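Below you'll find the structure, written out as structure tokens, and then a few comments.
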Amino acid sequence: MPGVYVGGAKIASLGVPLLMIAPLNQAENIPLDGLAGAISPSAPGLRLLKKRLVFWYNSKESYVSLPNRLAGRPVLPERREIMTPESACYYISELIESPERRRGIAEEYAKLNLRRGASAKIAEKIGEFFRA
Numbered sequence: 095m096p097g098v099y100v101g102g103a104k105i106a107s108l109g110v111p112l113l114m115i116a117p118l119n120q121a122e123n124i125p126l127d128g129l130a131g132a133i134s135p136s137a138p139g140l141r142l143l144k145k146r147l148v149f150w151y152n153s154k155e156s157y158v159s160l161p162n163r164l165a166g167r168p169v170l171p172e173r174r175e176i177m178t179p180e181s182a183c184y185y186i187s188e189l190i191e192s193p194e195r196r197r198g199i200a201e202e203y204a205k206l207n208l209r210r211g212a213s214a215k216i217a218e219k220i221g222e223f224f225r226a
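For the sequence shown, the numbering used here begins at 95 and goes up steadily by one.
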């Protein structure tokens, strides 16, 4: 959950509809960035602290998936909650059974500028290094 899930951007660049599911069932086991990531979930008091940090972070972040973050709005559906197999299947089937929704997600992907030129910039820097 913390950090940015970049796999969604890769899938978006292919135009494939995606449902982002981030189950919070074992929040204390979710990796965190920075100092919070050093908290061991094995100690009972620290386990509770880490769990609360994950839920706090979840309440502060509008979006987890990179396509939604880049757009600043929901492009693809996100579910961040205590998840059961039944609820996950419900959300997945909801998307599978709605061609209009999948088409809408693909159309929103097309509006995103996912090509930010990182590869070209890296190649240019490497070229500059060898030309120097």
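Backbone N, C-alpha and C fix where the C-beta goes; we use that ideal spot for every residue, glycine too. Please read all numbers here as calculations on a predicted model, not as lab measurements.
Subject >> Sheet register partners of P117 (DSSP bridge) >> reply: Translated into positions along the sequence shown, residue 117 becomes position 23. Its beta-bridge partners are E175.
Original post:
Do you know offhand how far F224's Cα is from K215's?
Top reply: On the sequence shown, position 130 is the one that residue 224 refers to. On the sequence shown, position 121 is the one that residue 215 refers to. Straight-line Cα distance between these residues: approximately 14 Å.
Original post:
Apart from the five residues just before and just after E218, which ones in its own chain have a Cβ nearer than 6 Å to its Cβ?
Top reply: Start at 1 with the first residue of the sequence shown, and residue 218 comes out as number 124. Within the same chain, E218 has no close Cβ partners at all.
Original post:
Assuming L147 and L126 make a contact with CB atoms under 8 Å, what is their CB distance in whole Å?
Top reply: The sequence position of residue 147 within the sequence shown is 53, counting from 1. The sequence position of residue 126 within the sequence shown is 32, counting from 1. Rounded, the Cβ-Cβ distance is 6 Å, consistent with contact.
**OP:** Could you round the C-beta distance between L206 and V169 to whole angstroms and report it? I think they count as a contact, below 8 Å.
**Re:** To locate residue 206, count along the sequence shown from 1; it is residue 112. To locate residue 169, count along the sequence shown from 1; it is residue 75. Going by Cβ atoms, the distance from L206 to V169 rounds to 7 Å, so yes, they are a contact pair.
Original post:
Which word fits K104, buried or exposed, when buried means at least 16 other C-beta atoms lie within 10 angstroms of its C-beta?
Top reply: What you label residue 104 is simply residue 10 of the sequence shown in a count that begins at 1. It counts as exposed.
Original post:
What three-state label does DSSP hand R124 in the structure shown?
Top reply: Position 30 of the sequence shown, counted from the first residue, corresponds to residue 124. Contrary to the premise, residue 124 reads as Ile rather than Arg in this sequence. I124 falls in the coil class under three-state DSSP.
Original post:
Under the three-state reduction of DSSP, which class applies to E191: helix, strand or coil?
Top reply: Mapped onto the sequence shown, residue 191 falls at position 97. Three-state result, E191: coil.
**OP:** Report the rounded CA-to-CA distance for P135 versus R196, giving the unit in angstroms.
**Re:** In the sequence shown, residue 135 corresponds to position 41, counting from 1. In the sequence shown, residue 196 corresponds to position 102, counting from 1. Near 38 Å, if we compare the C-alpha coordinates of R196 and P135.
Subject >> Whole-angstrom distance between C183 and P96, CA atom to CA atom >> reply: What you label residue 96 is simply residue 2 of the sequence shown in a count that begins at 1. What you label residue 183 is simply residue 89 of the sequence shown in a count that begins at 1. Low confidence applies to P96: its pLDDT is 43, below 50, so where it sits in the model is not reliable enough to give any reading.
**OP:** Would you please state the rounded distance, in angstroms, between the beta carbons of E175 and Y157? I believe it to be under 8 Å.
**Re:** Taking the first residue of the sequence shown as position 1, residue 175 is located at position 81. Taking the first residue of the sequence shown as position 1, residue 157 is located at position 63. Not really, about 15 Å apart at Cβ, beyond 8 Å.
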